[in-house]
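Okay, so here's the structure we're looking at.
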Amino acid sequence: MGGLVLAAAALTGAVGTVALGAGTAVGHGSTSHAASRCAPGLAAGTQDVPVTYGGATYQVRVHVPASAARTAAHHGSGGRSGGPALVLDLHGSGADGAAQSAISGFDSLSDAKGFVVADPTAAIALNGGWAWNVPGVPTTAGQLPPADARDDVGFLSAVATQVGARACADPDKVYATGYSGGARMASALACERSDQFAAVGTVAGLRAGRPSPLDTSVPDVADCRPSRPVPVVEFHGDADYTNPYQGSTDLRWGYAVPVAVQTWARLDGCRVGPSSTAVSEHVTRFAYSRCDGRADVELYRVSGGGHTWPGTTADQSENGTVTQEISASALLWDFFAAHPRR
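According to mature numbering (1 follows the signal peptide of the UniProt record, and there is no 0), the sequence shown holds residues -21 to -1, 1 to 321 in order.
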């Protein structure tokens, strides 16, 4: 496995070796509903769906394409295997679910591809919007979340379970994606709810556990111990000054993006990689393969790209260059579709 460490260092230009320990954790997500019979409870279209967690009820923006509603109805009498996929789409710090929907454009993609998309909103007030309670790290305000902050790993697990049940979603096709702070939150789901989320895809924010408090250039290996291999794909601009590609000393961010990717390759038991492919003039794909459970790990590096979502039609110019050479949303869905839970 030493070749993987050296390869990751080559991608950054100057990244130290990562010491990783293998380990597993008991899964926390509930998938006992897989064999239950299901009567679809969501109509086609965009709607707010109530999700209860911790004694409170939260309204979650959900988009159900007509094809998914028909699929759910067809499978409703015999359980949810074969039902539509469900994608949780997590917003960045200071935003909300509706804002993230505009950035990712997943509603129109879900209409074309037939999956259900949920855009939940975080609960820590930040800059007129909301921030996620990413375990063990400060928010972008530089402070750890208050002690009574909502447990967002638990909350998002509840979103997946409750929305999935009402949409008659296939429990083997539940995925999480996110942008910036939402990407860091999705990464935490990969670490802590690998039994529930089949694959995770992130934009401008992949992590593999919090940075080590003793050395922020490496992950805290005890902070990410998935119970199964998790397919992971990340999109990141190398001119991102919010979550720098080469890393930072900030406890919110820390180690470099290629270290995060290589760490997932180690966690997933990948034996080959990274192989590099020029996707377009400014986009290079790095891929790890021959991984346990076919849990591929990929990175799309955007040369000159900013803290932005590739292919978005939203105005993100204040965050740097937005490449239109690829569509992160389309590639995320292709990755998810190829990686159901095994």
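We put the CB at the ideal spot given by N, CA and C, even for glycine.
Alpha-carbon to alpha-carbon, residue j and residue i
i: residue 332; j: Val182; result: Because the chain in this structure spans residues -21 to 321, residue 332 falls outside the shown range and cannot be described.
i: Arg321; j: Val116; result: 31 Å
i: Asp92; j: Pro99; result: Position check: residue 92 holds Lys in this sequence, whereas Asp was assumed. Roughly 21 Å separates the two Cα atoms.
i: Arg186; j: Phe314; result: 18 Å
i: Arg163; j: Ala22; result: 31 Å
i: Pro319; j: Ala64; result: 9 Å
i: Arg204; j: Gly188; result: 9 Å
i: His240; j: Val281; result: Note on identity: in this sequence residue 240 is Val, with His being the wrong assignment. Taking the straight line joining both Cα atoms gives about 15 Å.
i: Asp271; j: Arg172; result: 17 Å
i: Ala309; j: Phe94; result: 12 Å
i: Ser255; j: Thr263; result: 7 Å
Assigned exposure category for residue i - 16 Cβ within 10 Å defines buried
i: Val179; result: buried
i: Gln79; result: buried
i: Leu193; result: exposed
i: Arg245; result: buried
i: Gly121; result: exposed
i: Asp27; result: exposed
i: Gln175; result: buried
i: Ser11; result: Low per-residue confidence applies at Ser11: pLDDT is 41, beneath 50, and the placement is therefore not dependable, though the value from the model is reported in the following sentence. Answer is exposed; the Cβ neighbour count stays below 16.
When the options are compared against residue i, the one with the closest alpha-carbon
i: Cys170; options: Tyr224, Ser268, Thr302, Ala201; result: Ala201
i: Pro114; options: Ala167, Ser268, His215, Pro44; result: Ala167
i: Tyr267; options: Ala128, Pro208, Ser173; result: Pro208
i: Ala148; options: Pro124, Ala18, Gly133, Gly290; result: Ala18
i: Thr36; options: Ser87, Phe134, Arg145; result: Phe134
Continuous alpha helix (DSSP H) stretch holding residue i: start and end
i: Thr312; result: The amino acid at residue 312 is misidentified as Thr; the sequence shows Trp. Its alpha helix (DSSP H) spans residues 307 to 316.
i: Arg163; result: 160 to 171
i: Leu185; result: Looking at the DSSP string, Leu185 is not in any alpha helix (DSSP H), and its letter there is neither H nor E.
i: Trp111; result: Here Trp111 belongs to no alpha helix (DSSP H), and DSSP marks it neither H nor E.
Rounded distance between the beta-carbons of residue j and residue i, thought under 8 Å
i: Gly211; j: Val238; result: The sequence given here has Val at residue 211, not Gly. With a Cβ gap of about 13 Å, Val211 and Val238 do not count as contacting.
i: Gly157; j: Leu278; result: Actually they do not touch by this definition, with Cβ atoms about 16 Å apart.
i: residue 328; j: Ala110; result: The structure shown does not extend to residue 328, since the chain spans only -21 to 321, so no value can be given for it.
i: Leu67; j: Ala155; result: 5 Å
First through last residue of the beta strand (DSSP E) which encompasses residue i
i: Gln38; result: 35 to 43
i: Asp27; result: 24 to 32
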